[in-house]
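Here's the structure we're looking at; comments come further down.
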Amino acid sequence: MHATVSSGASAGASPGSWPALVLNADFRPLSYYPLSIWSWQDTIKAVFLDRVNTVALYDKAVRSPTAEFRLPSVVSLKTFVRPSRHPAFTRFNVFLRDRFSCQYCGTREELTFDHLIPRSHGGQTTWENVVTACSTCNLQKGGQLPAQAHMWPYQMPFQPSVNDLHKNGRLFPPNYLHQSWLDYLYWDAELEA
Ligand SMILES: [Zn+2]
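When we follow my numbering, the leftmost residue of the sequence shown carries the number 5, and every step to the right adds one.
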């Protein structure tokens with residue numbers, strides 16, 4: 005199973021904050037990791053601005069002096085947002101491509117970045133030359149080339165597609181997943197399995 009489903013309080017997006025899962029117009033989440041969610045305040049605003057359809061509701065309602073609204077737990081955008089094909093080259097996305105694990109020893113502790121070809125050897129800070137490494141491995145490799153250090157990454161660094169990152173993101177579900185979200189989160193992962 006991918007996810008621990010909790011209806012109790014937990015870290016991250018707690019049920020007390022009544023977040024809504026935000027789906028694209030094709031009913032896939034806008035993003036998997038971090039999962040696309042909005043606060044209930046933003047969600048209500050978007051409903052009133054007619055930018056989203058309400059797909060599912062919480063039991064929880066909020067009241068104004070004149071009306072009562074049940075809070076949406078899932079909304080879908082009325083206008084399809086085309087996902088960008090090339091994800092931004094950010095620290096977060098490099099970690100996500102490498103599944104938050106050191107590419108030399110596999111640990112998930114004290115993660116940092118290593119230039120496969122060191123900068124002192126002309127290595128660039130690009131998707132193709134930066135890998136996730138723990139500080140111990142980083143120190144051990146130092147300014148050496150992979151062959152000199154006898155250290156090769158599990159996976160050679162590459163420019164990932166948005167799809168690559170989504171695929172990895174599904175391996176790291178958030179702490180809180182409302183029951184009504186599940187239909188929209190893992191169905192395509194199931195088909196791939
Ligand atoms: Zn390591």
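The beta-carbon is built from N, C-alpha and C at its ideal position, and this holds for glycine as well.
Hey, A137 and F162: beta-carbon distance below 8 Å or not?
As a first step, residue 137 must be located in the sequence shown, where it is residue number 133. As a first step, residue 162 must be located in the sequence shown, where it is residue number 158. It is not a contact, given that the beta carbons lie outside the stated cut-off.
Give the list of continuous beta strand (DSSP E) stretches no shorter than 3 residues that lie fully inside the stretch 97–178.
115–119, 134–138
Separation of P91 from P164, as counted between CA atoms:
Here the question's residue 164 lines up with position 160 in the sequence shown. Here the question's residue 91 lines up with position 87 in the sequence shown. Cα-Cα distance, rounded: 7 Å.
Contact check, A71 vs S184, beta carbons under 8 Å:
In the sequence shown, residue 71 corresponds to position 67, counting from 1. In the sequence shown, residue 184 corresponds to position 180, counting from 1. Not in contact: A71 and S184 (Cβ atoms no closer than 8 Å).
Would the beta-carbon of A153 be found less than 7 Å away from any heavy atom of ligand 1?
For this step, residue 153 is matched to residue 149 along the sequence shown. No.
What did DSSP end up calling W22 once you bin it into helix, strand or coil?
Locating residue 22 in the sequence shown gives position 18, where the first residue counts as 1. In the structure shown, W22 sits in coil (DSSP, three-state: anything other than H, G, I, E or B).
Beta carbon proximity, Q128 to chain D, threshold 8 Å
Chain labels in this structure do not include chain D; a single protein chain is all it has.
Length of the line joining the Cα atoms of S124 and S35:
Reading the sequence shown from its first residue, position 120 is the one you call residue 124. Reading the sequence shown from its first residue, position 31 is the one you call residue 35. Their Cα atoms are separated by approximately 37 Å.
Who pairs with I41 in a beta bridge, going by DSSP?
The count along the sequence shown starts at 1 and reaches residue 41 at position 37. Answer by DSSP bridge pairing, in chain order: L25.
Classify V85 as buried or exposed, calling it buried when 16 or more other Cβ atoms lie within 10 Å of its own Cβ.
To locate residue 85, count along the sequence shown from 1; it is residue 81. Looking at its Cβ environment, which holds fewer than 16 other Cβ atoms inside 10 Å, V85 is exposed.
Between P122 and L149, how many whole angstroms is the CB-CB distance? I'm expecting something under 8 Å.
The sequence position of residue 122 within the sequence shown is 118, counting from 1. The sequence position of residue 149 within the sequence shown is 145, counting from 1. Sure, about 7 Å apart at Cβ, within 8 Å.
Measure the alpha-carbon distance for I41 versus L175 and round it to whole angstroms.
Mapped onto the sequence shown, residue 41 falls at position 37. Mapped onto the sequence shown, residue 175 falls at position 171. Straight-line Cα distance between these residues: approximately 17 Å.
Please classify E114 as buried or exposed, where buried requires at least 16 neighbouring CB atoms within 10 angstroms.
Locating residue 114 in the sequence shown gives position 110, where the first residue counts as 1. That one is exposed.
Have a look at M160 and W44 and give me their C-alpha separation to the nearest angstrom.
Within the sequence shown, the letter at position 156 stands for residue 160. Within the sequence shown, the letter at position 40 stands for residue 44. Distance between the alpha carbons of M160 and W44 is about 41 Å.
Identity of the residues DSSP links to P33 by a beta bridge:
In the sequence shown, counting from the first residue as 1, residue 33 sits at position 29. In DSSP, P33 forms a bridge with L27.
Going by beta-carbon coordinates alone, are P33 and Y188 separated by less than 8 Å?
Numbered from 1 along the sequence shown, position 29 holds the residue referred to as residue 33. Numbered from 1 along the sequence shown, position 184 holds the residue referred to as residue 188. Yes. Within cutoff.
According to the neighbour-count rule (16 or more other Cβ atoms, all chains shown, within 10 Å of its Cβ), is W22 buried or exposed?
Along the sequence shown, read from residue 1 onward, the residue named residue 22 stands at position 18. By the 10 Å Cβ count, W22 comes out buried.
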